[in-house]
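So the sequence lines, in the order shown, correspond to chains A and B. Letter 14 of the first sequence, counting from 1, is numbered 14 in the numbering used here, and no numbers are missing. Heads up, the numbering used here is the position in the second sequence plus 233, with the first residue counted as 1. Quick reminder that beta carbons are idealized off the backbone N, C-alpha and C, glycines included.
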Amino acid sequence: MAFVEFKNVGKVYKMGEVSINALHDATFTIERGELVVIVGPSGAGKTTLLNILGGMDTLTSGQVFLDGQEISAFNKRQLTNYRRNDVGFVFQFYNLIGNLTALENVEMANQISKAPLNAEDVLKSVGLEQRMKNFPSQLSGGEQQRVAIARALAKNPKLLLCDEPTGALDYQTGKAILKLLQDTGRENGMTVVIITHNSALTAMADRVIRVKNGTVISETKNPEPQNIAEIEW
Amino acid sequence: MVMKRNVTAKNLRRSIMKSLGRYIAIVAIIALGAGMFVGLLSTKSDMIATAQKYMDEQNMFDLRLLSTYGWSDKELEEIKKLPQVQDAEGMIELDVIVHRDGDTEELVYRLHSLPQTINQVHLLGGRMPETPDECLVDGFYADDSVLGTQIVISDVNDQDTIDSLAGDTLTVVGYVSTPIYMDMSRGNTTIGNGTLTSYVYVMPEAFNVDYYTEIAVTIPGNYAVYSDAFTDAMEELADKLEPDLILMAKDRYLELKNKAEQEYADGMAEYEQGKKDYEEGKAKAEKELLDAKEELLKGQKELNDNWAVLIDGEAQIQDAQDLLNQTSQQLTQSATDLADAKAEAYEQLASAYDELMTNYKTVTTSLAQVQSGLAQIDSGIPQLEDGLSQLESGIQQIDLMIGVLRTSVGLTQSLLDVEKNSPFADAQRIAQLENQLATQQQKLDDYSTQRQDLIDTQATYTQQLADLKQQKTQLEQTKKDLQDAQAQIELGMLELESSQLQTENTFAAAQAKLDAAVLQLEAGQADLDVKKQELQSARAELEDARKKISDAWVEYHKGLNQSYIELNNALKDLQDAKKQLDDGKKTIDTMEEPDVFLLNRNTNAGYLAVDNNSDIVAGVSRVFPAFFLLVAALVCITTMTRMVDEERTQIGTLKALGYSNQSIVNKYLIYSGSAAVLGCGIGVVAGSIVFPKILWAAYGIILCLTPHIELQLNWPLCIAVVLAYSVVSMLVTWYCCRRELREVPAELIRPKSPAAGKKILLEYLPFWKKISFLNKVMFRNVFRYRQRFLMMLVGIGGCTALLLSGFGLRDSIVDIVDYQFAEVSTYDMEVYFAEGQNQQAQESFCDTLRSDAEDILFYHRTSMEMDFDGKTKSIDLLAAGDDLRNYYHLHQGKNDLGMPGLGEMFITIGAADAMGLKTGDTVVLRNSDMQNLQLTITGIFDNNVNNYGIILPQTIQDQWGELPEMQMALINVRENRDIHEVGATIAGMDHVMNIAISEDIANQVGSMLDALDLVVITVVICAALLAIIVLYNLTNISITERVREIATIKVLGFYEKETAAYVFKENLFLSALGAAVGLVGGIFLLQFIISQIKIDMVWLDARLKPLSYLWAVLLTMVSACIVDFLLYFKLQKINMAEALKSIE
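Set out below in structure tokens:
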């Protein structure tokens, strides 16, 4: 069985009398240790998909499995535990707690998870050995995103979910972050899912899932993913 | 343009709807602040307006005109005619001691004549009096239950007072309020304990006087009460009237004096006449008495003479009686003797007869016996002769027989011998013959014996016969004798009968003689009895006469005494009359020129009390609402600032789209402006209605006007508040917007660079590392955002301070009486006597209570007006010796003051403060008789209730020439005695008018202070409400600001409780910190408020009980918890997807 499995997932938002069909018949699988890029234009349903996969939202129809557990059947508490222990998030806008230092931000996350990694080690591994005592406002965007990645990694999650991780960064910094994600995945055998609208990034993925008009239109395996340094966009 | 405006309007509406909680919170804070501000401020003016309306409607006096000799109709008419006077009315008032039916407690009431136009009463219940014995009572102390009860004029009132009233019992038919008693004080009097208890209105006909005690005057023109213009007008009129009044009073004085002199002259004439009458009467009476005495003496003599005659007659009668008695005795003796003799004679006759009869009987018997003996003898003799002949024949036969036998014996003997000799003698035949021989021998012996016997018997018979023949001879002799005796006895009988006859005749003659004598005696006795009867009736008559005479004497002496007494009384009356006349003369001679007093409304305690009490509200409203408004304003300003900050990107976008600054700013101006207008609008209207109503209800406890307050919407104030608030709010908003708009759109669109993260001071402390991340975040959040921190501190601290000062106000006020009695006036009870107690009375009082009272102090107490620096204040003056320190603890802070010296006075801090007195100042005290005391203040002592001064009795003696009368006493009850029982004992003692037990007073006054309690409760409730709204608003804002952060930690997998703790920990910490700050602020706020509250009679200290701190903090924290609870749901609703959104 695949590590992650989406089976005919549908999501309808009801706002008063209006129903918005955000996702329908989304079906795909992800294998353990893969770097997956989910790509599609704005409004295609990427974020909905991410919300459901990340346990931040429930679905309307279909099933979602992760590592043999049916996430779609979880209640609120189970979903919170799932987020707490199994998923690491990297946000487009980093979402660091402004009043905690880089180290503290990481520590705060690993404080709540079951089998955390050492916060300082993780920060070292993302190259922030010198900036650990700094507050987010004292860090550049790239550094902040590294802290965010460190925060996600420190929880030692089964799945690392990244929502447009380079969206707020300049090209070079973005590349560096992507490299960090690719390397981390490869080194730790971690399953990394990157959601982006940038098709160029598909080249670096082990698996590419294309989303359009609220459904998965293709799921392709990349036999030879490229190194991020080689990709240009 | 239309389009644009529509979009702007839509945008505004959405802004409001999106954060409806915030908008409502702002509106509510503003409403509360503005409402309290306007409400409390307008309460003062509403109270004044109510008072003004009430005084106008009841046509309250502007001036009271008093003169020492009162006024008559003449003066009243003259005053009415004065051009400066609008109206004038004569009033009668009289202070009397009364008791309510069924109650023995004596109270001092002031009786007023029911006015027609000025000082009209306001009927609160019942009806107006229709007859002079009906009355209206003080509505402050009455309800419907008082109707129909009776007020009895006590007979301890002096005669003048009793004479001044038509009746002595009044029936209550209604209860009223009156503009002259608008507060609880009822004024002073010169009778009883010097304090009026209550007032009563009766019809003028109920008074029996021909003068008015005062004339009430109104002035033309509409003046605002308590205004300087009004005071000036009243004083101006007083100045104008005074010379006229003095003249009128002088006229009246002269008139009265003349009248009095005339009366004196008449009196003198009457007295002289009386004296003459007396002398004449005396002479006449004496003569009459003398005549009576002579007549009596004459009667007495006559009686004595008659008496002697009577005694004489009685003696004669007695002699006659004695004689009679003697005769009677003799007769009785004779009768007895006669009877004895008679009895004896008869007895002798009877015994002689008896003897004769006995003899006769004996003779007769003997005769019979003799005759029977003779008969026997006669029959015996032949028998014996017979016998003898028989005996002789017998003897012959026997002799024959004997001869036969002897032959037979001889034959037999022969045969026998034959036989015997015969040799054939047969033996048998011999035995037979022997036997036959023995038998024949035997028979021969028997016949010989028989023959002997017969010979003996023959001898006996012969003897007997001889005897019988002799006996017969004797008996015949006896018979002859007996027959002789019988004849002799019969002869004796005849003799006896003749002797009896003779005796009877003798006795009958003697008896007849005796009977005649007895008859004679009885006739004599009857005669004597008649005479005796006559004498007895004569004696009775005389005794009667004697009694009459002696009664007449008693009568005479009584008459004598009576006339002496009457004469003496008449003389005494004459002397009294003379003395009265002399006194009257003296009074006339010493009649002083009249004093005239013109008192304006400012001398009326109730008039001032309304103003004073409205000032209390004003005092509270000076501080509280301003503080309230400040907190509210601060909260609103922050809210707006942060709202503008929040919508920064939106502003940038709009600006980038080409909207003018003005149109962007307009949204926020309208947002804050509409909130301000709405909040203020609701606040001022609701506040103007609610607060005055609550406070007026509270003041109903100490003021007595009308139950309905005159609600006035103070338009200028309302509009000013709405305008000021809106303008300030909009200005602040505009300032915030300007700050943002100064930046270029590009900057605005980008998120504001986050505040530089930096270490806070706490981090340098060693324990920082041990603090959990959540707490670290909290501390950093708390201390790094100074504006928010200060906002929370001021907002929450302000609420806590308000709560604390509210509770503190309660602490300071509610138990004030307990403080008073525990810390200052420590005595157990106060006793009011009906009059001053002299040394002897004091000692006897103390003796009676020796076992109940620990110690007793007599002192003088009176109510005085104190003048200083143009101000007048009514205070109680206590004149007592040094021992007062056992009953009053006079201290200033911790400094014991001891007792004042001669000419010095200690005064309560409340009075000193109200008058602006300092130690060393000299004041003048005057009583209702206008006597003055000049005193130097040498001590100002802490005291909570009542205003009084303390001096030595010698001070009064020094200035007035005599010691004041000690009509009061303070008592400390022995420890093991029940205060109320001792109180009851004392209340029942002579001269005791009533008693005041400190414990009871504490309870009474305590309930009086409930008025302020309600104010405090209002404040506390408002403060608690404010605390909740402020906290809600601030927390709401801080949540709104941190939605991203909260969404992020939710995404990171924080549980709901962890998320809530993350947010609310900070909130609770700030609340706690704010509460701590608020406690400190509250202490100062309380002190400030207390210093702003000036209440007549009561002096407040800022006091706080530990429980009040606890409550203030607890309420703040509870408010915080309530707010957190409400916002917990808001937290739950925060969508995690927010974390994914870009920063707006």
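Query, Result
"F89(A), enclosing beta strand (DSSP E) - first and last residue", "V87 to V90"
"Secondary structure of A321(B), DSSP reduced to three states", "strand"
"Burial state of A1086(B), where buried means 16 or more other Cβ atoms lie within 10 Å", "buried"
"For L670(B), the nearest candidate out of L649(B), D1191(B) and K712(B) (CA to CA)", "L649(B)"
"DSSP beta-bridge partners of C368(B)", "V405(B) and V435(B)"
"6 Å CB neighbourhood of K765(B) in its chain, flanking five on each side removed", "I550"
"CB contact flag (P225(A), A205(A), <7 Å)", "yes"
"Chain-ordered residues of the region 46-59 of chain A with a beta carbon less than 9 Å from chain B", "T47, L50, N51, G54, G55, M56 and D57"
"Any C-beta of chain A under 7 Å from that of N1300(B)", "no"
"Exposure label - N537(B); buried when at least 16 CB within 10 Å", "exposed"
"Runs of alpha helix (DSSP H) wholly within the region 4-87 of chain A (minimum 4 residues, chain order)", "46-53 and 76-85"
"For Y342(B), three-class secondary structure by DSSP", "strand"
"Endpoints, alpha helix (DSSP H) assigned at K517(B)", "D461 to N654"
"Chain A contact for V235(B) (CB, 7 Å cutoff)", "For V235(B), the predicted model reports a pLDDT of 44, less than 50, meaning its position is unreliable; a value from the coordinates is still stated below. Not an interface residue."
"The region 1273-1288 of chain B: positions lying closer than 9 Å to chain A by Cβ", "R1277, E1278, A1280, T1281, I1282, K1283, V1284, L1285, G1286, F1287 and Y1288"
"Of the residues K46(A), V193(A) and E104(A), the one placed nearest K1003(B), counting alpha carbons only", "E104(A)"
"Residues, ordered as in the chain, of the region 114-138 of chain A that lie near chain B by beta-carbon distance below 7 Å", "F135, P136, S137 and Q138"
"Close-in-space but distant-in-sequence residues of the same chain around E301(B) (CB under 6 Å, 5 per side omitted)", "Going by the sequence as given, residue 301(B) is Thr instead of Glu. Once the five neighbours on either side are set aside, the close Cβ partners of T301(B) are P827 and D828."
"Nearest candidate by alpha-carbon position, reference N1177(B), set T1171(B), I1142(B) and V1206(B)", "I1142(B)"
"Chain A contact for F1022(B) (CB, 7 Å cutoff)", "no"
"Extent of the continuous beta strand (DSSP E) to which G914(B) belongs", "Segment N894 to Y932 is the alpha helix (DSSP H) holding G914(B); no beta strand (DSSP E) there."
"Neighbouring residues, chain B, relative to R84(A) (Cβ below 7 Å)", "G1286"
"Alpha-carbon to alpha-carbon, S626(B) and Q674(B)", "23 Å"
"7 Å CB neighbourhood of E943(B) in its chain, flanking five on each side removed", "D279, A282, T283 and K286"
"The region 1311-1327 of chain B contacting the region 1289-1299 of chain B, beta-carbon criterion three pairs below 8 Å", "no"
"Ranges of the alpha helix (DSSP H) found wholly within the region 1142-1176 of chain B, counting only runs of at least 4", "1142-1148"
"Three-state class that DSSP yields for T350(B) in the structure shown", "coil"
"Proximity test, Cβ basis, 7 Å: A109(A) and chain B", "yes"
"Selection from M324(B), I1089(B), D306(B) and D295(B) that minimises the alpha carbon distance to Q317(B)", "D295(B)"
"Where I112(A) meets chain B, residues with beta-carbon distance less than 8 Å", "L1285, G1286, F1287 and E1291"
"DSSP state of L1306(B) mapped onto helix, strand, coil", "helix"
"Residues sharing a beta bridge with R333(B), DSSP", "I384(B)"
"C-alpha gap between V437(B) and S346(B), whole angstroms", "Note that residue 437(B) is Pro in the sequence shown here, rather than Val. Approximately 5 Å, taken between the alpha carbons."
"DSSP state of Y1120(B) mapped onto helix, strand, coil", "coil"
"Chain-ordered neighbours of F91(A) on chain B, where CB pairs are closer than 7 Å", "A1372 and L1373"
"Residue from H332(B), R333(B) and E310(B) whose Cα sits closest to the Cα of E322(B)", "E310(B)"
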